[in-house]
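Numbering (my numbering), first residue to last: -16 to 293.
Backbone N, C-alpha and C fix where the C-beta goes; we use that ideal spot for every residue, glycine too.
Following: one structure in structure tokens, then a few remarks.
Below, the structure is given as structure tokens:
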């Protein structure tokens, strides 16, 4: 019996064609998860883009959107659809779950964040651990933790929009979205610090509320926020894309610091803070049943497993 040559063996290997429809559906689902994460204070959309394996794809597409417009739009569209649907549909549900099942809801996201760590470790594995890398990791870790001590401003009044308020919301959208792109940094948390979290997300949530008496005003707020979000995401994506290309290992060490601090931030901000003010975990979790604690542990494990597999 004759043996096949290496070339003949290679010719027999046939790659299964990619199902573009399935890829789009998966990207919509991943975008939905990222959008849901952005609604929760302390949870970073950038973290979940990393966890779900779409971070570099999203950053590259946004950074090159003017150079490769069609390709970038096709790549980003399903993800953006998922994000938009999540923000519009999940604001109320997430708020309800956080109020009613605080421990279980937060533990799901903590598990998911930690589930992305093995993937990040693979990015730097094989490279010697230099003191500079550790310093970078510690700096990004400290930056995120430090955000908790900025304090929270009073909620802004956006009940009657005017050109100045429109520009302010655009600016807040840019700041919030910029931090969404940076793993571990929560745009929602920063908006809460400036006092714009509840006014903006409350207005967006009320757009679909038939009982709302200020739907027109809410739509204007949403438009301003979307414009700011687009500007902020593009600007920061350009910066991150450059860093990943020129300083890949250093960038991933910085991202590891962001992710580790993100898990801590989620716990501190949701178990030890109420509306940006420090309190005890016993106060936040008062009335939590043993069953919910068990459910939280199970959801944390499922979140870790799901993120690890993705």
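| Item | Value |
| --- | --- |
| Which stretch, first to last residue, makes up the alpha helix (DSSP H) that contains residue 61? | 52 to 83 |
| Please identify the residue among 20, 42 and 234 whose C-alpha is closest to the C-alpha of residue 116. | 234 |
| For residue 187, tell me which candidate among 4, 58 and 73 has the shortest Cα-Cα distance. | 73 |
| Around the C-beta of residue 127, are 16 or more other C-beta atoms found within 10 angstroms, so that it is buried, or is it exposed? | buried |
| Would residue 252 and residue 131 qualify as a contact pair, given that the criterion is a beta-carbon distance under 8 Å? | yes |
| Return the bridge partner residues of residue 260 from the DSSP annotation. | 257 |
| Since I believe residue 210 is in contact with residue 153 (beta carbons under 8 Å), could you give me their beta-carbon distance rounded to a whole number of angstroms? | 5 Å |
| Taking the Cβ atom as the reference point for each residue, do residue 35 and residue 16 lie within a distance shorter than 8 Å? | yes |
| Return the CA-CA distance between residue 69 and residue 114, expressed in angstroms with no decimal places. | 41 Å |
| Below 8 Å on the Cβ atoms is my guess for residue 199 versus residue 161; work out the distance and round it to an integer in Å. | Incorrect: roughly 28 Å between the Cβ atoms, too far for contact. |
| Mark residue 144 as exposed unless 16 or more other C-beta atoms lie within 10 angstroms of its C-beta, in which case mark it buried. | buried |
| Nearest CA to the CA of residue 205: which residue from 31, 149, 107 and 43? | 149 |
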